[in-house]
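As numbered in the numbering used here, residues 4 to 370 make up the sequence shown, in order.
Glycine included, every Cβ here is placed at the ideal spot set by N, Cα and C.
Right, one structure below, let's go through it.
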Amino acid sequence: MKSKISLSVLMFMLGTNLYADNNESFSGNLRLGYQYGKDDIGSGNEMAVGGYLHYESKDFNGISGGVRLSTTYGDKGGDGGYFIHGVSTNVALLSQAYIKAKSESSELKVGRQALETPFANSDDIGMIQNHFGGATFTNHSLKDTTITAGFIRSMAVGCGDAQDRFEKLDDGVYMAGVNYEGVQNLALQAWHYDKLEDMSASYMDGVYSGELGNLGYVAGVQYSHQQFDNDSNNIYGTLLALNHKSSGVGIMTAFNKTDGIGADNLYGGGPFFTNVEHTTLADGGDEASAYKVGVNLDTQSIGINNVTLSVEKLWVNKKVEGTISNFGIIGEYSYNDNLAFRAYYSDIKDDTNGDKQNLRVFADYSF
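This is the structure in structure tokens:
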């Protein structure tokens with residue numbers, strides 16, 4: 004406990020002296036995490052404290068650089084922990100270290116960095132996010148269009164055995180994507196990932212949002228094709244969400260279907276509409292289908308600001324091995340621009356792998 008308090012005090016003291024000078028900036032985050040888990044074997048608690056410090060240099064003729072140190076200290080490690088898994092109870096990682104070249108419409112970033120793409124993303128569900136080593140190029144020359152191309156050489160998995168290091172992805176993964184928002188209320192994206200001889204994956208979706216009087220709505224469709232050696236799949240998805248603005252009540256439903264081998268989230272949490280924190284379409288294996296419903300409340304309508312409550316239920320139907328159901332409760336509260344709290348509860352019923360329960364709570368202070 005003494006080590007945890009010391010780290011918290013140190014990062015708070017650093018936070019009070021961070022600054023931004025022109026394009027030069029310091030920033031950081033302090034995260035406290037608590038987790039309770041129960042399965043057929045037993046139950047247990049886990050606590051962790053961590054965060055990051057980030058520095059980005061001034062821009063010199065379009066050239067700048069950045070570094071980020073991410074750390075976590077927990078009371079469990081190895082197979083006994085989820086926040087810190089497969090390593091000791093301490094993690095220190097140079098999670099970002101990059102050189103960035105920027106012009107009016109383009110940017111090239113080379114080195115360790117964060118990514119947010121459909122099949123390579125941060126998947127921020129633990130103490131440290133996923134990070135990637137490689138190069139990314141983005142261009143905004145075309146109106147309402149972002150073009151991305153990149154190469155991923157390595158990855159540090161935030162909730163896996165490689166939390167404390169970057170591991171090579173064999174010969175690497177090439178990726179390219181286009182985001183288009185030139186039609187009012189409509190967002191389109193298409194991506195392709197290729198790992199040379201043994202993996203390729205394409206993904207596209209379209210999401211339309213709008214309002215009808217006091218009712219807001221979001222409708223989406225998605226499609227993915229994945230190939231691994233000689234096996235492949237086609238994955239389809241739909242999404243519909245409605246929000247009654249004056250009451251703050253929203254409802255949603257989503258559906259995914261896999262034709263062929265099991266879906267794969269690849270390098271992150273996956274883009275599928277039905278995915279939840281602990282269970283995804285990929286858990287269903289070959290020829291799986293998934294259906295999710297949810298209800299959420301923005302409590303501002305009842306006089307409580309900055310609080311969102313959600314209840315969701317996911318069913319994943321396997322081809323031959325039964326079903327998985329995941330009941331979840333999510334609560335989020337933003338005290339101010341710097342301090343926020345999140346809590347997730349999951350009750351999982353799995354005909355094949357046994358039942359599980361999990362409660363996870365985070366407090367984040369950003370500076």
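- Annotated three-state conformation of Ser108 is coil, per DSSP.
- In the same chain as Ile238, and ignoring 5 residues on each side of it, the C-beta atoms closer than 6 Å to its own belong to Ser227, Thr261 and Ala266, in chain order.
- DSSP assignment within the segment 201 to 285 yields the following whole beta strand (DSSP E) runs of 3 residues or more, N-terminal first: 202 to 215, 218 to 231, 234 to 247 and 252 to 263.
- The C-alpha of His281 lies about 7 Å from the C-alpha of Ser349.
- With 16 or more other Cβ atoms from the protein chains shown falling within 10 Å of its own Cβ, Ile131 counts as buried.
- Beta-bridge partners of Asn182 (DSSP): Thr149 and Gln192.
- One thing to note: Phe140 has its Cβ within 9 Å of the Cβ of Ala152.
- By the Cβ-count criterion, Asn133 is buried, with 16 or more other Cβ atoms from all chains shown falling within 10 Å of its own Cβ.
- Under the 10 Å beta carbon count, Ala123 is surrounded by 16 or more other beta carbons and is classified as buried.
- Look at the segment 39 to 85 and you find these whole runs of beta strand (DSSP E), each 3 residues long or longer: 46 to 59 and 66 to 77.
- Annotation: the continuous beta strand (DSSP E) that includes Val310 extends over Val310 to Asn320.
- Spatial neighbours of Val221 in its own chain (CB-CB distance under 6 Å, excluding positions within 5 residues in sequence) are listed in chain order as Ser212 and Ala244.
- The beta carbons of Asn320 and Ser292 sit about 5 Å from each other, so the pair counts as a contact at 8 Å.
- Counting the other CB atoms within 10 Å of its CB gives Ala95 a total below 16, which places it among the exposed residues.
- Apart from the 5 residues on each side of it in sequence, Gln360 sits with its Cβ closer than 6 Å to the Cβ of Lys41 and Asp350 in its chain, given in chain order.
- Ile307 has its alpha-carbon roughly 24 Å from the corresponding atom of Glu214.
- The straight-line gap separating the alpha-carbon atoms of Tyr270 and Lys198 is approximately 12 Å.
- Out of Tyr101, Tyr37 and Leu362, the CA that lies nearest to the CA of Gly114 is found in Tyr101.
- In the three-state reduction of the DSSP assignment, Ser144 falls in the coil class.
- With contacts defined by Cβ atoms closer than 9 Å, Ile264 and Ser235 form a contacting pair.
- Relative to the Cα of Ile150, the nearest Cα in the group Gln166, Gly180, Tyr55 and Asp173 belongs to Gly180.
- Nearest neighbour of Leu312 by Cα position, chosen from Glu335, Ser304 and Gly31, turns out to be Glu335.
- Non-local C-beta neighbours of Arg156 in its own chain, meaning closer than 6 Å and more than five positions away in sequence, comprise Gly136, Gly137 and Gly175, ordered along the chain.
- Gly273 places its beta carbon less than 9 Å from that of Leu284.
- A distance below 8 Å between beta-carbons, with the five flanking residues on each side excluded, links Met207 to the following residues of its chain, in chain order: Leu191, Gln192, Ala193, Trp194, Gln225, Tyr226 and Ser227.
- Ser106 counts as exposed, since fewer than 16 other beta carbons sit within 10 angstroms of its beta carbon.
- Annotation for Lys198: no beta strand (DSSP E) segment contains it, and DSSP assigns it neither H nor E.
- Straight-line spacing of the CA atoms in Asp78 and Glu110 works out to 41 Å.
- DSSP, reduced to helix, strand and coil, places Gln360 within a strand of the structure shown.
- Val314 is a Cβ neighbour of Ile332, given a cutoff of 9 Å.
- Excluding its 5 nearest sequence neighbours in each direction, Lys171 has C-beta neighbours in its own chain below 6 Å: Ser157, listed in chain order.
- With respect to Tyr39, Leu362 sits close: the two C-beta atoms are nearer than 9 Å.
- Using a Cβ distance threshold of 9 Å, Phe86 and Gly129 count as a contacting pair.
- Of all alpha-carbon atoms in Val252, Thr148 and Tyr338, the one lying nearest the alpha-carbon of Ile305 is that of Val252.
- Proximity to Ser60 across Lys103, Tyr347, Thr75 and Gly47 peaks at Lys103, based on C-alpha coordinates.
- For Ile307, the secondary structure class from DSSP, reduced to helix, strand or coil, is coil.
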